[in-house]
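In the working numbering, the protein residues as written are 99 to 182.
Only one structure is covered here, and it is reproduced in the block below.
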């Protein structure tokens, strides 16, 4: 499998930096792991190569380009509460 380049957009970088440290570290590891596997089993396919990965209550939204072998993270946000 090819190695993907992870690009974090400036708005997502700002959102990421606002996350408290222990969770920020886990989010950073999760985003960098997308280099090896941009579609982990724990990610949700949102359609048209858009994906969502939830880490400790935070949601990483990104798009995968297989042709350019890139992952572009465009949002890091608190996950909405689960519906009952």
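Even for Gly, the Cβ is constructed at its ideal location relative to N, Cα and C.
What number of angstroms, rounded off, separates the C-alpha of residue 142 from the C-alpha of residue 158? Residue mapping note: residue 142 aligns to position 44 of the chain shown, counting from 1. Residue mapping note: residue 158 aligns to position 60 of the chain shown, counting from 1. The straight-line gap from Cα to Cα measures roughly 10 Å.
From the DSSP output, in three-state form, read off residue 155 for me. Looking up residue 155 in the chain shown gives position 57. It is coil, neither helix nor strand.
Between the C-alpha atoms of residue 178 and residue 101, what's the straight-line distance to the nearest angstrom? Walking along the chain shown from the start, residue 178 turns up at place 80. Walking along the chain shown from the start, residue 101 turns up at place 3. When rounded, the distance between both Cα atoms is 31 Å.
Under a three-way DSSP split, which group does residue 173 fall into? In the chain shown, counting from the first residue as 1, residue 173 sits at position 75. In the structure shown, the three-state DSSP call for residue 173 is strand.
Cα-Cα, which of 118, 168, 153 is closest to residue 147? The residue you call residue 147 lines up with position 49 of the chain shown. The residue with the shortest Cα to Cα distance from residue 147 is 168.
Nearest to residue 154 by CA position, among 107, 176, 111, 160, is which residue? Mapped onto the chain shown, residue 154 falls at position 56. Measuring from the Cα of residue 154, the nearest candidate turns out to be 176.
Could you check how far apart the C-beta atoms of residue 156 and residue 107 are, in whole angstroms? I think they sit under 8 Å. Counting from one through the chain shown, the residue named residue 156 turns up at place 58. Counting from one through the chain shown, the residue named residue 107 turns up at place 9. Not a contact, Cβ separation roughly 16 Å.
What are the partner residues of residue 117, as DSSP defines its beta bridges? If you number the chain shown from 1, residue 117 lands on position 19. According to DSSP, residue pairing for residue 117 in a beta bridge does not occur.
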